[in-house]
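A quick write-up on the structure given underneath.
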């Protein structure tokens with residue numbers, strides 16, 4: 327009698343040649359363990375590069391979280407040595423240096439808004455915008471006012487000889503003040519904003535920024551790398567304010583008394599006549615728009631989110647130069663300039679003569695093209 331035995335199932339499977347496999351993949355999740363201790367960070371008091379980096383990071387976060395007034399306090403609380411740029415400088419080829427310091431691209435001419443078309447009746451251009459268009463009668467009144475302002479200071483009034491280096495203040499400053507005030511009053515009916523505008527005489531504009539870096543050559547800080555700091559202290563002759571509670575966008579500058587075209591020609595520096603004017607326009611408008619952006623909460627590590635625009639007129643009473651500026655970036659330091667493809671833009675014209683001379687109580691050679699361009703700047 328045969329006895330029954332119990333065989334294992336694995337032997338039968340291999341004997342018959344059939345293997346049972348399961349293709350189902352089983353996913354398992356590992357338990358995420360939260361760290362018991364906070365992340366390891368460098369010490370704030372250690373003398374190492376990582377500690378210095380943490381100090382800088384926490385300081386920048388503290389400045390970003392502050393309001394505008396506290397930001398200005400944080401950024402200007404510690405006074406450091408810096409290079410002070412003079413807008414009205416006589417340095418050779420100063421415009422190239424100022425373009426580098428402010429990261430500005432200079433474009434000859436004016437923006438398309440000020441590009442005018444020639445009319446068939448006269449060679450003088452006409453204003454392109456409908457809001458800036460004025461009729462012939464209004465332009466005749468403006469032309470009459472300009473002639474009267476020129477004669478007021480150069481023919482009607484008998485002034486004594488000014489002191490040395492005081493000719494611009496003695497003759498040109500009153501002329502420019504009467505010219506801008508009269509034009510603003512005359513054109514107020516063509517632009518309602520001019521009715522609420524005012525003139526700020528001798529405003530003070532200050533702007534501070536960092537551009538590039540250097541290695542301290544000697545001393546107890548020798549070998550350290552620090553940013554190069556710049557500051558502009560500008561005092562335009564006057565500025566047009568659309569609203570007394572807001573910031574203006576049009577500056578009027580008088581060239582210094584040392585700026586004499588005839589004397590520069592005698593020194594064979596005729597090529598530097600326009601260079602000095604361009605440097606003045608770039609530095610003044612960069613400081614003006616940069617200061618406005620700072621008061622809106624933007625600074626080196628919080629770049630502007632919208633462009634800031636401004637315009638300037640530089641004159642010696644007879645020659646006028648027009649400049650427009652668009653501030654696109656404030657990130658000029660080594661940390662923020664890396665990978666920053668933005669550039670500030672400045673448009674400018676060469677000097678244009680408003681009139682030739684005053685002879686026998688009449689203004690000779692008054693240029694309508696320059697006058698219309700001045701009207702466009704005030705109506706803008």
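Residue numbers (the numbering used here): 327 to 706.
Heads up, the beta-carbon is just placed ideally off N, CA and C, and yes, glycines get one too.
What number of angstroms, rounded off, separates the C-alpha of residue 542 from the C-alpha of residue 409? 15 Å
Three-state secondary structure (DSSP) at residue 391? helix
Quick check: residue 608 and residue 645, are their CB atoms within less than 9 Å of each other? no
Smallest Cα separation from residue 472: which of 693, 598 and 703? 693
Looking at residue 596 and residue 638, is the spacing between their C-beta atoms short of 9 Å? no
Would you decide whether residue 549 is buried or exposed? Buried here means 16 or more other CB atoms lie within 10 Å of its CB. exposed
In terms of residue numbering, what span does the beta strand (DSSP E) encompassing residue 582 cover? Unbroken run through residue 582: none, as it is neither H nor E.
Within its chain, find whatever has a CB closer than 8 Å to the CB of residue 657; leave out the 5 residues flanking it on each side and keep chain order. 626, 627, 629, 663, 666 and 668
Does residue 450 come out as helix, strand or coil in the three-state DSSP assignment? At residue 450, the pLDDT of 43 sits below 50, so the modelled position is not reliable; the number obtained from the coordinates is stated separately. The answer is coil: DSSP assigns residue 450 none of H, G, I, E or B.
Within 10 Å of its beta-carbon, does residue 367 have 16 or more other beta-carbons around it, so buried, or fewer, so exposed? exposed
Environment of residue 594 [buried if 16+ CB atoms lie within 10 Å]: exposed
Sequence ranges, alpha helix (DSSP H) only - wholly within the region 657–696, length at least 4: 660–663
Under a CB-based cut-off of 9 Å, is residue 515 close to chain C? Note that chain C does not occur in the displayed structure, where there is just one protein chain.
State the Cα-Cα distance for the pair residue 414 and residue 673, rounded to the nearest angstrom. 18 Å
If you reduce the DSSP assignment to three classes, tell me which class residue 596 lands in. helix
With 16 other Cβ atoms within 10 Å as the buried cut-off, status of residue 690: exposed
Taking the C-alpha atoms as reference points, what is the distance between residue 441 and residue 434? 12 Å
Helix, strand or coil, according to DSSP, for residue 536 in the structure here? strand
Express the C-alpha separation of residue 580 and residue 317 in angstroms, rounding to a whole number. Residue 317 is absent from the structure shown; the chain starts at 327 and stops at 706.
I believe residue 680 touches residue 513 by the beta-carbon criterion, under 8 Å. Please report the beta-carbon distance rounded to the nearest angstrom. Actually they are not in contact, since the Cβ atoms of residue 680 and residue 513 sit about 17 Å apart, beyond 8 Å.
Does residue 497 come out as helix, strand or coil in the three-state DSSP assignment? helix
Within this structure, are the beta carbons of residue 532 and residue 558 separated by less than 9 Å? yes
Which residues bound the beta strand (DSSP E) around residue 554? 551–560
Throw me the rounded Cβ distance for the residue 389 and residue 621 pair, which I believe falls under 8 Å. Rounded, the Cβ-Cβ distance is 15 Å, inconsistent with contact.
So, for residue 377: in the same chain, excluding its five sequence neighbours on each side, which residues have a beta-carbon less than 6 Å away from its beta-carbon? 368 and 369
Let me know if residue 424 comes out buried or exposed under the rule of 16 or more other beta-carbons within 10 Å of its beta-carbon. buried
Which two residues bound the contiguous alpha helix (DSSP H) that contains residue 528? Segment: none, residue 528 is in no alpha helix (DSSP H) and carries neither H nor E.
Three or more C-beta pairs under 8 Å: does that hold for the region 581–592 against the region 483–502? yes
Please classify residue 518: is it buried, with 16 or more other beta-carbons within 10 angstroms of its beta-carbon, or exposed? exposed
For residue 556 versus residue 540, is the C-beta spacing smaller than 9 Å? no
Along the chain, where does the beta strand (DSSP E) that runs through residue 638 open and close? 634–641
Excluding the 5 residues preceding and the 5 following residue 633 in the sequence, name in chain order all residues of the same chain whose CB lies nearer than 7 Å to its CB. 652, 653 and 654
Just verifying my parser: in three-state terms, what is the DSSP assignment at residue 412? coil
Cβ pair residue 461, residue 604 closer than 9 Å: no
Report the option in 640, 701 and 616 whose CA atom is closest to the CA atom of residue 430. 616
Looking at the unbroken alpha helix (DSSP H) that takes in residue 275, where does it start and where does it end? With the chain running from 327 to 706 in the structure shown, residue 275 is simply not present.
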